[in-house]
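Count along the sequence shown from 1, then add 18; that gives the number in our numbering. Taking it in order: structure first as structure tokens, then the write-up.
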Amino acid sequence: MAKNLLIVESPAKAKTINKYLGKDFTVLASYGHVRDLVPKEGAVDPENGFAMRYDLIDKNEKHVDAIAKAAKSADALFLATDPDREGEAISWHIAEILKERGLLKGKTLQRVVFTEITPRAIKEAMTQPRDIASDLVDAQQARRALDYLVGFNLSPVLWRKVQRGLSAGRVQSPALRMIVEREEEIEAFIAREYWSVEAECAHPTQNFTAKLSKLDGKKFEQFTITNGDDAESARQRLVKAAGGALHVTDVTSKERKRRPAAPFTTSTLQQEAARKLGFTTRKTMQVAQKLYEGVAIGEEGTVGLISYMRTDSVALSQDALAELRDVIARDFGTRALPDKPNTYTTKSKNAQEAHEAVRPTSALRTPAQVSRYLSDDERRLYELVWKRTVASQMVPATLNTVSVELAAGSEHSFRASGTTVVDPGFLAVYEEGKDTKSAEDDDEGRKLPAMKIGDRVPLDRIHADQHFTQPPPRFTEAALVKALEEYGIGRPSTYASIIQTLLFRKYVEMESRSFRPTDVGRAVSKFLSSHFTRYVDYDFTAKMEDDLDAVSRGEEEWVPLMEKFWGPFKELVDEKTESVDRSEATGARELGTDPKSGKPVSVRLGRYGPYAQIGTVEDEEKPTFASLRPGQSMHTIELADAIELFKMPRKLGTDAGDEVSVGIGRFGPFAKRGSVYASLKKEDDPYTIDLARAVFLIEEKEEIARNRIIKEFPGSDIQVLNGRFGPYLSDGKLNGRIPKDREPASLTLEEAQGLMETTGKPMRGRFGKKAAAKKEPAKKAAKKVADAADKPAKQAARKAVKKTAKKAAKKSAAKTPAKKAVKKAVKKVARKAVAKKATTT
19 MAKNLLIVES PAKAKTINKY LGKDFTVLAS YGHVRDLVPK EGAVDPENGF
69 AMRYDLIDKN EKHVDAIAKA AKSADALFLA TDPDREGEAI SWHIAEILKE
119 RGLLKGKTLQ RVVFTEITPR AIKEAMTQPR DIASDLVDAQ QARRALDYLV
169 GFNLSPVLWR KVQRGLSAGR VQSPALRMIV EREEEIEAFI AREYWSVEAE
219 CAHPTQNFTA KLSKLDGKKF EQFTITNGDD AESARQRLVK AAGGALHVTD
269 VTSKERKRRP AAPFTTSTLQ QEAARKLGFT TRKTMQVAQK LYEGVAIGEE
319 GTVGLISYMR TDSVALSQDA LAELRDVIAR DFGTRALPDK PNTYTTKSKN
369 AQEAHEAVRP TSALRTPAQV SRYLSDDERR LYELVWKRTV ASQMVPATLN
419 TVSVELAAGS EHSFRASGTT VVDPGFLAVY EEGKDTKSAE DDDEGRKLPA
469 MKIGDRVPLD RIHADQHFTQ PPPRFTEAAL VKALEEYGIG RPSTYASIIQ
519 TLLFRKYVEM ESRSFRPTDV GRAVSKFLSS HFTRYVDYDF TAKMEDDLDA
569 VSRGEEEWVP LMEKFWGPFK ELVDEKTESV DRSEATGARE LGTDPKSGKP
619 VSVRLGRYGP YAQIGTVEDE EKPTFASLRP GQSMHTIELA DAIELFKMPR
669 KLGTDAGDEV SVGIGRFGPF AKRGSVYASL KKEDDPYTID LARAVFLIEE
719 KEEIARNRII KEFPGSDIQV LNGRFGPYLS DGKLNGRIPK DREPASLTLE
769 EAQGLMETTG KPMRGRFGKK AAAKKEPAKK AAKKVADAAD KPAKQAARKA
819 VKKTAKKAAK KSAAKTPAKK AVKKAVKKVA RKAVAKKATT T
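So this is what it looks like as structure tokens:
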């Protein structure tokens, strides 16, 4: 065993670094976080200095054991997890675990950090070890404690007042509020009509268009003309005044410089990858992780291609700058190289956490040189990072903008503009993407013919065009990330997980690559905004991030910060738990009166989603209900559409003597004939489907059912059936195998009974046979654990737990993959037993 043990987070990183450090080092991976707060109430104790109870993460327990085993024989340990506060916290957790197991006595334990995985960076980092940064750990602990306390206290309120199974998060809730408020803006938006007027100019050397800038002696603005009659009247006046030509009254030419964008941070990388590559934030981070951890590059071996991708910094190291300048001079000439390196400033106070921007580890590795070693996604993202970084150190682009004023008589005038590139500078490599286009963007690349004051420009025609103002767009991933960063909500490294949580919880849906809030998401946001206003306030959330940053810099203590937050928050939770009415919390709306019954029609949020209701619970007759259709929202549905929902089930007619109808059940729309049900296909609309189509679907299902049965035996439950993987036997409780060399239809009852006896196995239920097989070893192990817990020493109990768990898991592994379930069951019983013993001794 090597004398030195170095611990990183990922196995890919471990494999690469092991090659760099040689035989004196063992490099192991923690596989991310090694422990977390116990997932139950009381994991953070506000009454005891916010003490936090941690437990090993089950899936990483074996990796922790491997680290502990290697630590026993190592002389020196190095913690080389990621260079941010989360990585610092992982190092601290590993150190705490090893300390608790008594494995650090007489050994050195040091922290090393690097922002790229290259031989030079790793060897340099090993010469500059340090202690674990307690300030960064405290900041991460405070963040985790805050998130836990918000989630464990707000979520139960949502369960009571809105819907079971919901969750609230300290950072995800303001992000959801952004999406919901944008949707409300869109719904409240009232379009305004306006007209633009353009002249089509037939210049002898080149046709071009000019926009109306002055009408009747006044500046022409967006809403100067707001209807067709006025537009046509103005057009006729302009045509008459122009008399077939426009006259050049002014020509201006202005040269300007455009600076390149800064190198990528996490946030700008996510935004640009979304705009240019169509990547989600999650995909961007996954691909970037692979490029950072290392790719096999021919004879060079495995090497990290980009620097650490979780960073707020736009700085570049001196070595990186020198190499970039060499590449620019070589590939684009010295004219593309500024006299000194371009510098950029970051908005974040904590950019020093990860030291540098996201950049190629070596600019000498051009995208063309490494592309054959990369997947398509890796190639595209590497090219984006390489080009952005190289362009950031090039000279500005020089642009020339020409504006021409063209008069139509003395009271009216048009303006034409064009922008040409005099010197491309950095634009020869890269241009930053944009979410929306401006008038300046429209002019870019457009060249006007040479004109001078006094020139007469022939007029082809003047036309007026109708427009309507557009509502603000929904948030795309890029736009949401940009807004979160601008407001200071969360940190760039958390944006991907925030978005994934919102999608996983079904608080939002993606529609045309934009976020649309669901009714559940809107109910959650409305409830929190109405009753926990301060805690979803953008400024409050941003201030909390600043306070956490101050903790990471050693400027604040984390416990006083927690105390300041906890008191008012807990008081408000207790008050709202008692005071808030549920119908108000779910956003129920009354739409009007049902014309048939005269009863009120409303929409509400229920256990299975939004629904319409006719009547009230106070009526003698029970209310009737109907689920909303896909795409409908309880916030926008109108009375007529709600009443349509109650036409289900629809009677379509009769077929083969039975009534045929369509309806909508818990699992979706269906057609029914007699006692036979058939699900509608995706393309079928239950509100418009006709009798013929419904009958076709029913008979299709019946045909499948008929073909499923190969043979039946009178007086026996055994059947020969067609299954997904071929013919088999079944009696409704057991399934039996049929020999491959035997014709299924020729089996006799006696043969079928014999096969059922020898090959029959219980049918899998919803959770399968495997779930049932977990019980027995877990029970035996639990009994031994309970006995061990009666011993006075807690340590002895824990050892017994571990030993029993391993034995039980090993024994069950040969028969069933129940290992994980056994461990969980054993741990659960052990904790209860130890806790019980602790309270009585």
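For glycine and all other residues, C-beta sits at the position ideal for the given N, C-alpha and C.
What does DSSP give as the partner residue(s) for residue i in the beta ladder?
i    : result
G633 : BP columns for G633 are empty, so no partner.
P745 : N740
N171 : Paired residue(s): none; N171 is not in a bridge.
E677 : T672
K232 : K237 and S431
N225 : A220
L24  : V45 and F96
S645 : Y629
D268 : E423
By the three-class DSSP mapping on this structure, what secondary structure does residue i have?
i    : result
K751 : coil
I528 : Checking the sequence, you will find Met at residue 528 rather than Ile. M528: strand per DSSP, three-state reduction.
R200 : helix
V215 : strand
G261 : coil
I661 : helix
K405 : helix
P732 : coil
I208 : coil
S651 : coil
N872 : One cannot answer for residue 872 here, as it falls past the ends of the chain, which runs 19 to 859.
I707 : coil
G686 : strand
K699 : coil
E374 : coil
Where residue i and residue j are concerned, what is the direct C-alpha to C-alpha distance, given to the nearest angstrom?
i    : j    : result
R523 : I728 : 44 Å
G169 : K80  : 29 Å
Y326 : F558 : 30 Å
V413 : Y362 : 14 Å
Q864 : P628 : What the structure shows of the chain is the stretch from 19 to 859, and residue 864 is not part of that stretch, so it cannot be assessed.
L233 : A425 : 10 Å
V678 : E730 : 30 Å
K561 : T34  : 40 Å
P835 : K77  : Because P835 sits at a pLDDT of 43, beneath the cut-off of 50, its placement in the model cannot be relied upon, and the following sentence gives the value as read from the coordinates. Looking at the two C-alpha atoms, the distance is approximately 14 Å.
D63  : Y72  : 12 Å
I507 : P192 : 8 Å
D247 : E199 : 37 Å
E396 : R119 : 41 Å
E205 : Q181 : 25 Å
P578 : E638 : 57 Å
A84  : K21  : 15 Å
A61  : T654 : 42 Å
L309 : L172 : 39 Å
Q167 : V189 : A quick correction: the sequence has Leu, not Gln, at residue 167. C-alpha separation (whole angstroms): 13 Å.
Figure out for me which residue from the options has the closest Cα to the Cα of residue i.
i    : options                   : result
T536 : K588, D599, V499 and T604 : T604
S697 : A689, P704 and S530       : A689
P137 : Y38, A69, D100 and F68    : Y38
K179 : D473, L623 and K117       : L623
P648 : I197, E638, E639 and A660 : A660
L382 : V420, L339, L399 and L417 : L339
A92  : M70, E216, L116 and D100  : L116
R509 : S331, L309 and E761       : S331
Y49  : I243, V26 and R668        : V26
S8   : E273, G633 and M303       : The shown model of the chain, from 19 to 859, leaves out residue 8, and the question about it has no answer.
I197 : V694, M70, P618 and V538  : V538
G351 : V305, R210, F241 and Q411 : Q411
T634 : T611, Q650, R53 and L646  : T611
Q488 : A291, E211 and T416       : E211
Between residue i and chain B, is there a C-beta pair that is closer than 8 Å?
i    : result
L709 : Absent from the structure: chain B. Only one protein chain is present.
Exercise for the section: Enumerate, from N- to C-terminal direction, the unbroken alpha helix (DSSP H) stretches of 4 or more residues contained entirely within the segment 454-525. Expected result: 457-461, 495-505 and 510-522
Problem - beta strand (DSSP E) runs wholly inside the segment 51-94, at least 3 long, in chain order - result: 53-55 and 72-74
Practice task
Kindly provide the ranges of any beta strand (DSSP E) runs that are 3 or more residues long and lie completely inside the segment 103-161, ordered along the chain.
Solution key: Qualifying beta strand (DSSP E) stretches, in chain order: 126-129.
Exercise for the section: Pick out the complete alpha helix (DSSP H) segments inside the segment 425-450, 4 residues or longer, and give them in chain order. Expected result: none
Problem - Runs of alpha helix (DSSP H) wholly within the segment 587-633 (minimum 4 residues, chain order) - result: 600-604
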